[in-house]
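Residue numbers (the working numbering): 219 to 575. By construction, the Cβ of each residue, glycine as well, lies at the ideal position given by its N, Cα and C atoms. Notes to accompany the following structure.
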Ligand code: SAM
Ligand code: SF4
Ligand code: SF4
């Protein structure tokens, strides 16, 4: 089967036109959930009351195979994707995920540059896997860590144990093998871990690790989100700035979700992701692929478009590309921009562990 785009034309193929959505946003990022399972139960993502023993996760046969994921990724790249992020659930729980990294890493964009291949992980299993991931071709890692205090970690991550030492070992291993700069994602919930902001900053300043504080979001339907639980990026920055003065930094690229700041004394960089208080939908070029092969055009979507049936019915690459293109062209999502004007809570919002955070 020949590729639907002649080499070198890709997204600007006259047949398909530029792959932009209804709000003229180009397709740039593909987030892939490789498993809906996790070994933690963060209250803001997979609260134990909902994701308990009775919860039915996907069967192995329902998951996309690595070969199926790569086929979709290739077509995404032909339509403009520059960056792929593996997520979940906890991606390191997917058996052989290093092999998937090895299969995706050589893929190149239209201009011949390799794609950026990243992963988001809770790092509890990272220490032993960091080298293999690096050797397989992973470019970067984001690691979630909400607290250094054990009691607060347990409250945030719903776990009976507090595997903070394992996470810190994972971070050290990632740095040692050159998966740098390691970025740490910290979700901040009012009254739970806001007092961990400064200890985290203190711990990671001067280490080359970039902390990114994320406003608690109303993803899915299970985390009991209330606006009052959100600590805004402004408050987070004010707290840090009072102790460690900050200066703004320019974004690396358009569409970067984290606003960057540096410590005035040269202690490094931090970021804040103000998804609730300062929506960035106007620049959002992210498409999400669920564990079982559905495409979602927004983190807050309630319906996806199935690709797995197509793949398993042996569709050709051209048809797959056309389906993805059509999904993106129909996209007009901007949930975060509309959130405050909404008088209803949309039914059926999908959970983040299923579509990949
Ligand atoms: N298990 C991996 C991890 O925790 O890094 C990857 C999946 S997790 C869903 C991806 C990211 O989503 C994590 O950094 C997590 O903190 C973030 N996240 C999950 N639920 C969130 C919420 N309600 N608000 C803000 N961020 C959230
Ligand atoms: Fe698991 Fe990550 Fe969700 Fe926490 S945020 S429950 S580690 S998937
Ligand atoms: Fe993108 Fe949807 Fe988030 Fe807006 S709300 S930034 S469109 S994922």
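From which residue to which residue does the alpha helix (DSSP H) around residue i run?
i           : result
residue 391 : 382–395
residue 416 : 415–422
residue 269 : Note, residue 269: premise wrong, no alpha helix (DSSP H); not H, not E.
residue 294 : 284–296
residue 536 : 535–547
residue 257 : Here residue 257 belongs to no alpha helix (DSSP H), and DSSP marks it neither H nor E.
residue 455 : 451–461
residue 277 : Element bounds for residue 277: n/a, residue is neither H nor E.
For residue i, count the other beta carbons within 10 Å of its own beta carbon; 16 or more makes it buried, fewer makes it exposed. Which is it?
i           : result
residue 260 : buried
residue 446 : exposed
residue 300 : buried
residue 353 : exposed
residue 520 : exposed
residue 422 : buried
residue 241 : exposed
residue 429 : buried
residue 246 : buried
residue 487 : buried
residue 329 : exposed
residue 235 : Here the model assigns residue 235 a pLDDT of 47, short of 50, so the residue's position is not dependable and the matter cannot be decided.
residue 224 : Confidence is the limiting factor: at residue 224 the pLDDT is only 33, short of 50, which leaves the residue's position unreliable and the question unanswerable from this model.
residue 471 : exposed
residue 331 : exposed
residue 467 : exposed
residue 239 : buried
residue 365 : buried
residue 267 : exposed
residue 269 : buried
residue 426 : exposed
residue 274 : exposed
residue 226 : Bear in mind that a pLDDT of 32 at residue 226, under 50, signals an unreliable position, so the number given afterwards is only what the model happens to contain. Counting Cβ neighbours within 10 Å, residue 226 comes out exposed, since fewer than 16 surround it.
residue 460 : exposed
residue 531 : exposed
residue 380 : buried
residue 489 : buried
residue 569 : buried
residue 503 : buried
residue 492 : buried
Which residue from the options puts its Cα closest to that of residue i?
i           : options               : result
residue 401 : 316, 363 and 408      : 363
residue 262 : 495, 406 and 488      : 406
residue 414 : 503, 444, 368 and 279 : 368
residue 283 : 298, 319 and 268      : 319
residue 535 : 269, 334, 386 and 291 : 291
residue 572 : 277, 460 and 547      : 277
residue 496 : 435, 512, 481 and 515 : 435
residue 336 : 397, 549, 295 and 460 : 397
residue 515 : 546, 385 and 526      : 546
residue 523 : 532, 502 and 548      : 548
residue 510 : 500, 371, 485 and 525 : 525
residue 243 : 558, 500, 512 and 533 : 500
residue 384 : 485, 348, 531 and 452 : 348
residue 544 : 265, 568 and 293      : 293
residue 479 : 473, 451 and 375      : 451
residue 309 : 387, 256 and 408      : 256
residue 417 : 370, 285, 512 and 527 : 370
I'd like to know whether the C-beta atoms of residue i and residue j end up nearer to each other than 9 angstroms.
i           : j           : result
residue 249 : residue 305 : yes
residue 289 : residue 505 : no
residue 575 : residue 538 : no
residue 258 : residue 440 : no
residue 251 : residue 307 : yes
residue 433 : residue 494 : yes
residue 253 : residue 311 : yes
residue 302 : residue 325 : yes
residue 443 : residue 437 : yes
residue 333 : residue 373 : no
residue 403 : residue 361 : yes
residue 482 : residue 463 : yes
residue 287 : residue 507 : yes
residue 395 : residue 351 : yes
residue 424 : residue 355 : no
residue 412 : residue 457 : yes
Please list the terminal residues of the continuous beta strand (DSSP E) segment that includes residue i.
i           : result
residue 480 : 477–481
residue 250 : 247–251
residue 405 : 401–406
residue 490 : 487–491
residue 305 : 301–305
residue 410 : No beta strand (DSSP E) contains residue 410, which DSSP labels as neither H nor E.
residue 353 : Not the beta strand (DSSP E): residue 353 falls in the alpha helix (DSSP H), residues 348–354.
residue 429 : 428–433
* Asked: Is the region 331–349 touching the region 390–404, taking contact as three or more C-beta pairs under 8 angstroms?
  -> yes
* Asked: At a cut of 8 angstroms, does the region 545–555 reach the region 307–315 through at least three beta carbon pairs?
  -> no
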